[in-house]
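Participant: The sequence shown begins at 1 in UniProt numbering and counts up by one.
Dropping a structure here in structure tokens format, bear with me for questions.
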Amino acid sequence: MAHDLFEAAREAMAKAYAPYSKFPVGAAIRAEDGKVYVGANIENLSFPQGWCAEPTAIGAMIMGGGRRIKEIAVIAEKLALCPPCGGCRQKIAEFAGPDTRVYLCDEQGVQKTMTMEELLPFSFKTDVIG
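Now the structure itself:
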């Protein structure tokens, strides 16, 4: 099943708007309902005010009615096995569980599988807010 997420992330990466960094990234999420949502990084002249592929995919998931990430694939054109940045890790964690699978890809496909717990141990969690 991870292969379809890789393909979706690669297709999303082709739509990235990265004229400043020239570092296209794509992400694909499978939500708990089984639907796949995609995103790519979208830059802004006021760099770094753009947004990464992962929160773009999260936004698509939320707007599509999804609420929980079952698994996510990430691919970058210029860096094999590109992991989500620190901020994106926390954003993913908001909608994922510790066992959510994270697939790091290269141009051939999924090359490394991690869990959110491995990717972001000691993530920010609190019952105080809200």
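Yeah, the Cβ is synthetic: ideal placement off N, Cα and C, and Gly gets one too.
All of these numbers come straight from a predicted model, not from anything done at the bench.
Tell me which same chain residues have a C-beta within less than 6 Å of the C-beta of residue 96, skipping the five on either side of it?
Facilitator: Hits under 6 Å: 69 and 116.
Participant: Measuring straight from C-alpha to C-alpha, what distance separates residue 59 and residue 67?
Facilitator: Looking at the two C-alpha atoms, the distance is approximately 10 Å.
Participant: Under 7 Å from any heavy atom of the ligand SAH, does the C-beta of residue 42 make it?
Facilitator: As far as ligands go, the structure on display features none, and thus does not contain the ligand SAH.
Participant: Answer yes or no: do residue 25 and residue 82 have a C-beta to C-beta separation smaller than 8 Å?
Facilitator: Yes; because the gap between Cβ atoms is below 8 Å, this pair is in contact.
Participant: Please name the residue or residues paired with residue 30 in a DSSP beta bridge.
Facilitator: Residue 30 pairs with 36 and 71.
Participant: According to DSSP, is residue 97 part of a helix, a strand, or is it coil?
Facilitator: Reduced to three states, the DSSP call for residue 97 is coil.
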